[in-house]
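For reference, the structure is listed below as structure tokens.
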Amino acid sequence: MRDIRIRKMRNEDLPACTAILETWNMAPRPPSDDAPEPERTGIEVANGFVAEAEGRIVGTCSYIVHSADLAETASLAVDPACKGGGVGHLLQQARLDEMRERGIKTVRTETDRPETIRWYVEHFGYRVVGTNPKKHAFSLTDVNYWTVLELDLVET
Ligand SMILES: CC(C)(COP(=O)(O)OP(=O)(O)OC[C@H]1O[C@@H](n2cnc3c(N)ncnc32)[C@H](O)[C@@H]1OP(=O)(O)O)[C@@H](O)C(=O)NCCC(=O)NCCS
0 MRDIRIRKMR NEDLPACTAI LETWNMAPRP PSDDAPEPER TGIEVANGFV
50 AEAEGRIVGT CSYIVHSADL AETASLAVDP ACKGGGVGHL LQQARLDEMR
100 ERGIKTVRTE TDRPETIRWY VEHFGYRVVG TNPKKHAFSL TDVNYWTVLE
150 LDLVET
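Numbers 0 to 155, taken from numbering that gives the first Met the number 0, label the letters of the sequence shown in order.
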């Protein structure tokens with residue numbers, strides 16, 4: 000894809016970001032009887048980025064800071080029509096750069112799609128450190144656990 004622009008997320012971007020996340024069954028949701036403890040209840044806008052191309056939002060990502068050293072990636076998704084065009088790579092790079100500038104040393108990522116696990120390992124240097132059960136159906140409905148990946152930001 001050409002002319003992809005990465006910028007910080009704004010509150011008014013939330014509907015477009017949520018719509019992209021929904022296409023991958025990854026949209027935040029409020030607690031419900033089915034899912035009293037949702038995997039994601041919202042998006043941290045201050046830690047968020049969007050990718051724009053051809054005048055619209057085509058991808059989004061954010062992250063959660065757990066401590067001075069540790070952060071967790073959240074809500075990375077690219078419009079399926081734009082998949083494989085470098086949008087995800089630019090978004091991931093933008094959030095890693097910001098986390099590194101903030102002094103984060105370790106980044107944790109939980110994901111379930113085999114191709115996404117490979118993508119994180121091959122392109123960003125993550126290693127697989129374990130698994131974690133999902134709290135409810137989210138992302139792939141036929142996979143009931145997350146693969147947990149970690150990235151050492153000091154060495155990369
Ligand atoms: C995973 C995801 C975010 C990746 O984003 P993407 O835009 O499709 O991926 P990219 O185009 O950046 O990278 C994919 C491939 O294009 C190549 N590529 C294209 N442009 C590139 C660039 N500018 N720089 C580096 N690589 C590039 C990469 O080499 C990569 O090759 P691969 O086939 O060896 O993996 C996206 O596919 C997605 O939304 N998946 C579903 C939801 C999901 O799994 N989200 C993550 C939750 S943790």
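A virtual CB, placed ideally from N, CA and C, is assigned to each residue, including glycine.
None of these values were measured; they are calculated from a predicted model.
So what does DSSP say about residue i, is it helix, strand or coil?
i	result
E109	strand
L139	coil
A34	coil
Y162	Because the chain here runs from 0 to 155, residue 162 falls outside it and cannot be looked at.
D151	strand
I5	strand
R55	strand
A26	coil
A67	coil
Run the CB neighbour count on residue i, radius 10 Å, all protein chains shown included, and call it buried at 16 or more, exposed below.
i	result
V128	exposed
D111	buried
T72	buried
S61	buried
Y144	exposed
Hey, how far is the Cα of residue i from the Cα of residue j?
i	j	result
P27	V153	30 Å
G124	A18	29 Å
P14	A45	16 Å
V57	D32	32 Å
S74	L20	7 Å
Let me check understanding here. Comparing Cα to Cα, which of the options lies closest to residue i?
i	options	result
P37	T105, V147, H135	H135
T108	T140, V147, R94	V147
For ligand 1, is there any heavy atom lying closer than 6 Å to the beta carbon of residue i?
i	result
W145	no
R55	no
R112	yes
L95	no
K82	yes
G102	no
L75	yes
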